[in-house]
Amino acid sequence: MDVEDHAGGQRAAAQTGRLLDLLEAAGAQGTFFVEDAVVAADPALVRAIAARGHEVASHGHRHCPIAEETPVVFRAGMATARDRLADVTGQAPMGYRAPYFSLTPQASWASDILAGLGFSYSSSVLPAWNPLAGWPGAPRRPFLWASGLLELPVPVARVGPLRLPFLGGMYLRWLPPWRLRWMAGRWAAEEAEGALWSYCHPYDLDQEEALVHRRDAGAFGSLMLWLNRGPTLPRLQGLLEGRRSVTFAERLPALRRGAATWLPAGALQPAPAE
Numbered sequence: 001m002d003v004e005d006h007a008g009g010q011r012a013a014a015q016t017g018r019l020l021d022l023l024e025a026a027g028a029q030g031t032f033f034v035e036d037a038v039v040a041a042d043p044a045l046v047r048a049i050a051a052r053g054h055e056v057a058s059h060g061h062r063h064c065p066i067a068e069e070t071p072v073v074f075r076a077g078m079a080t081a082r083d084r085l086a087d088v089t090g091q092a093p094m095g096y097r098a099p100y101f102s103l104t105p106q107a108s109w110a111s112d113i114l115a116g117l118g119f120s121y122s123s124s125v126l127p128a129w130n131p132l133a134g135w136p137g138a139p140r141r142p143f144l145w146a147s148g149l150l151e152l153p154v155p156v157a158r159v160g161p162l163r164l165p166f167l168g169g170m171y172l173r174w175l176p177p178w179r180l181r182w183m184a185g186r187w188a189a190e191e192a193e194g195a196l197w198s199y200c201h202p203y204d205l206d207q208e209e210a211l212v213h214r215r216d217a218g219a220f221g222s223l224m225l226w227l228n229r230g231p232t233l234p235r236l237q238g239l240l241e242g243r244r245s246v247t248f249a250e251r252l253p254a255l256r257r258g259a260a261t262w263l264p265a266g267a268l269q270p271a272p273a274e
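Take 1 as the starting number for the sequence shown in full-length UniProt numbering and just add one per residue.
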């Protein structure tokens, strides 16, 4: 889960609790990427996630695309977010997920900064075209950046000319179950050595929230993010049935062994050290 609170208040905490209960009932563990603002506002929630056996990782120091920041600002913000998470949970986070999966060619310098700050892995590349962020042509299997940082790309499957991140967010809510199963089969046939995972946000579960006009989504996008939230928990439950769900941290050694280094052409050069 990407734990962010776009509306303020306690709604994100309540919905995170619902997912924690679902995972406990299924005997499953997961990785929760928590935005720094949530860590600062509700450290008790973060401790509760860790206390129930889940991995706590970073969802950034502010919820904006990486490329909207300078390397200097990003480095300072991520150092603060890392230290706050370490203070709250008692251990430094291993993982990072960029808001909007925004580790793009324009923000490729971030991988060196994350490695320098001690992060072991990132889950921030969407290896397909997307209106918000994406990196068409990026590897669809786990890979290593030149810095040694392990990248776990978003699972995507082909539908016609598009590759869609079918197991998360709005796609998980809107695609019918038969289509999700079909796309999972397509993914397995093409990416046998990949890492299959799902993701959601607190608002994906929140059926009682009033419509919020989000500046990052526009009027139509805000409506689509608000409608059809009811199926999210049942579909997550269905994905867990008959499968073993563990944290990214637990899978890291095996994923790293099978990962090759990727040197993207045309990406921005690493940020200079400060």
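Where a beta carbon is used, it is the ideal one built from N, C-alpha and C, also for glycine.
This one's a predicted model, so the numbers in the text were calculated from it and none came from an experiment.
For this session: Give me the Cβ distance between N130 and R173, rounded to the nearest whole Å; I'm assuming they're in contact under 8 Å.
Result: The residue labelled residue 130 in the question sits at position 130 within the sequence shown. The residue labelled residue 173 in the question sits at position 173 within the sequence shown. Contact doesn't hold; Cβ gap of about 17 Å is too wide.
Exercise. What three-state label does DSSP hand P272 in the structure shown?
Worked result: As a position in the sequence shown, residue 272 is number 272, starting the count at 1. Confidence is the limiting factor: at P272 the pLDDT is only 47, short of 50, which leaves the residue's position unreliable and the question unanswerable from this model.
For this session: Please state whether DSSP places F101 in a helix, a strand or coil.
Result: As a working mapping, residue 101 is identified with position 101 in the sequence shown. DSSP places F101 in helix when its eight states are reduced to three.
For this session: Would you mind stating whether S122 and Y100 have Cβ atoms separated by less than 8 Å?
Result: Here residue 122 refers to the residue found at position 122 when the sequence shown is read from its first residue. Here residue 100 refers to the residue found at position 100 when the sequence shown is read from its first residue. At the C-beta level, S122 and Y100 stay beyond 8 Å of one another.
Problem set entry | Per-residue DSSP class, three states only, for residue 280 | This structure gives no information on residue 280, because the portion of the chain shown stretches from 1 to 274.
Exercise. What did DSSP end up calling S123 once you bin it into helix, strand or coil?
Worked result: Taking the sequence shown and counting its residues from 1, the one referred to as residue 123 is at position 123. Three-state result, S123: coil.
For this session: Would you give the residue range spanned by the alpha helix (DSSP H) that T70 belongs to?
Result: Taking the sequence shown and counting its residues from 1, the one referred to as residue 70 is at position 70. Under the DSSP assignment, T70 falls outside any alpha helix (DSSP H); it carries neither an H nor an E label.
Exercise. Taking all protein chains shown into account, do 16 or more other C-beta atoms lie within 10 angstroms of the C-beta of T89, making it buried, or fewer, making it exposed?
Worked result: Here residue 89 is taken as the residue at index 89 of the sequence shown, counted from 1. Classification of T89: buried, given that the 10 Å Cβ count is 16 or more.
Exercise. Secondary structure at R181, three-state DSSP: helix, strand or coil?
Worked result: The residue given as residue 181 occupies position 181 in the sequence shown. Note: R181 maps to helix in three-state DSSP.
Exercise. Opposite A157 in the DSSP bridges: which residues?
Worked result: Residue numbering aside, residue 157 sits at position 157 when the sequence shown is read from its first letter. According to DSSP, A157 bridges with L164.
Exercise. What distance in whole Å lies between the Cβ atoms of E4 and F248, which are believed to be in contact at a cut-off of 8 Å?
Worked result: Taking the first residue of the sequence shown as position 1, residue 248 is located at position 248. Taking the first residue of the sequence shown as position 1, residue 4 is located at position 4. With a Cβ gap of about 18 Å, F248 and E4 do not count as contacting.
Problem set entry | S198 (DSSP reduced to helix, strand or coil) | Here residue 198 corresponds to residue number 198 of the sequence shown, with the count starting at 1. The answer is coil: DSSP assigns S198 none of H, G, I, E or B.
Exercise. In terms of residue numbering, what span does the alpha helix (DSSP H) encompassing E250 cover?
Worked result: As a first step, residue 250 is located in the sequence shown; it is residue number 250 there, counting from the start. F248 to R257 is the span of the alpha helix (DSSP H), which, as asked, contains E250.
Exercise. Would you say L22 and L263 are within 8 Å of each other, going by their C-beta atoms?
Worked result: Taking the sequence shown and counting its residues from 1, the one referred to as residue 22 is at position 22. Taking the sequence shown and counting its residues from 1, the one referred to as residue 263 is at position 263. Contact flag unset, no.
Problem set entry | Candidates D216, L239 and A146, of which the one nearest A260 by Cα | By 1-based counting over the sequence shown, the position of residue 260 is 260. Here the closest residue by C-alpha is A146.
Problem set entry | DSSP beta-bridge partners of Y96 | On the sequence shown, position 96 is the one that residue 96 refers to. For Y96, which the question treats as bridged, DSSP gives the partners S58 and S122.
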